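In full-length UniProt numbering, the protein residues as written are 1 to 338.
Here you go:
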């Protein structure tokens, strides 16, 4: 069952702010309820018209090697999210497909000018919504020479234009004996740079992908550049997800005082692949404010930038950093030469 949750605030600063006069914490409609309009006390579109805080929607998918089926699933969720007033919709890594082997993955990959991204651009225009396409199998300009692809996170604006492309910099090469065996570098090129955050109606979004979550440097660099929302679209395995998923997401939120948005793959993608799921949104205090459990679906969260700014003001960890001792993590404007 899918559900969105609001956790009880734990810390004194967090508790004091949420109990401040005039502020009411409202439970976000659950993913189960989102599929049953009779259970809701509001109608589609009212959220956008009456709420001062932007609403985001985060998708949980079970991608397969069938690209047409995957697009149908994604477009259905995007349309549902827009009906409920979401201004930005986040899709997970490998939203386009998950191949059953390396050969199939390479054969199904496309360029950014290909039919698949053009369909999503058209969907963004039609729905008038921002789309975070969390991990596209991209045949880059060097495809002919390298025969390798990029794992590319795209951000589309409501006109369908690509406003940012981030290519995954940390590739997942993991060998856990008898449990997990992955070697992304076998068929994927590492991205050359971190992309500065992009302003959206929900806030300034910093782009990353899945395994990047294990490297706090990228989140710190994006925060130094003004990020208010960090997004980690993912396809975690069950083994690594059950051990590390939530604790890593909450850690990134706490240390950066950002919202963290993590769309995820879930369930059986093909005979040899099962994904962990647990799509999640974490607030700048580190509390999980929305989460999906089992199966494909959506969860929703309001982004309260006033709350984010208050946390940063009352606990200004950014200004407390001792750059004189350990340096300052920043986004390079140009990648270092090889």
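Yeah, the Cβ is synthetic: ideal placement off N, Cα and C, and Gly gets one too.
Fair warning: this is a prediction, and the values are worked out from it, not measured in the lab.
- Here residue 208 has 218, 232 as same chain residues with Cβ atoms under 6 angstroms from its own Cβ, once five neighbours each way along the sequence are excluded.
- DSSP places residue 299 in the strand class (E or B) of the three-state scheme.
- Distance from residue 210 to residue 229 at the Cβ level is roughly 17 angstroms; contact not present, criterion being Cβ atoms closer than 8 angstroms.
- By a beta-carbon distance limit of 8 angstroms, residue 106 does not contact residue 75. Their separation comes to about 25 angstroms.
- Rounded to whole angstroms, the separation of the alpha carbons of residue 176 and residue 256 is 30 angstroms.
- Judged by pairs of C-beta atoms under 8 angstroms, the segment 57-72 touches the segment 97-111, as three or more such pairs exist.
- Cβ-Cβ distances below 7 angstroms link residue 202 to 54, 56, 87, 88, 229, 303 in the same chain, with the five nearest sequence neighbours on each side left out; the list follows chain order.
- Cα atoms of residue 328 and residue 320: separation of roughly 12 angstroms, rounded to the nearest angstrom.
- Counting every other CB atom within 10 Å of its CB across the protein chains shown gives residue 326 a total below 16, marking it as exposed.
- Judged by DSSP in its simplified three-state form, residue 322 adopts coil rather than helix or strand.
- Beyond the five residues adjoining it in sequence on each side, residue 127 comes within less than 7 angstroms, by CB distance, of 78, 79, 82 in the same chain, given in chain order.
- Residue 218: member of the alpha helix (DSSP H) spanning 216-224, first to last residue.
- The C-beta separation of residue 264 from residue 94 comes to about 10 angstroms, leaving the pair out of contact by the 8 angstroms criterion.
- If you draw a straight line from the Cα of residue 188 to the Cα of residue 148, it is about 5 angstroms long.
- As DSSP reads the structure, residue 74 sits in no beta bridge.
- Between residue 246 and residue 159, the alpha-carbon positions lie close to 34 angstroms from each other.
- Residue 73 and residue 119 have their C-alpha atoms some 13 angstroms from each other.
- A distance below 8 angstroms between beta-carbons, with the five flanking residues on each side excluded, links residue 70 to the following residues of its chain, in chain order: 61, 63, 64, 95, 96, 97.
- Spanning the alpha carbons of residue 318 and residue 171 requires a straight line of approximately 28 angstroms.
- Residue 248 places its beta carbon less than 8 angstroms from that of residue 213.
- Under the three-state reduction of DSSP, residue 185 is assigned to helix.
- The beta carbon of residue 129 is closer than 8 angstroms to those of 78, 81, 82, 86, 87, 88, 89, 158 in its chain, skipping five residues each way along the sequence.
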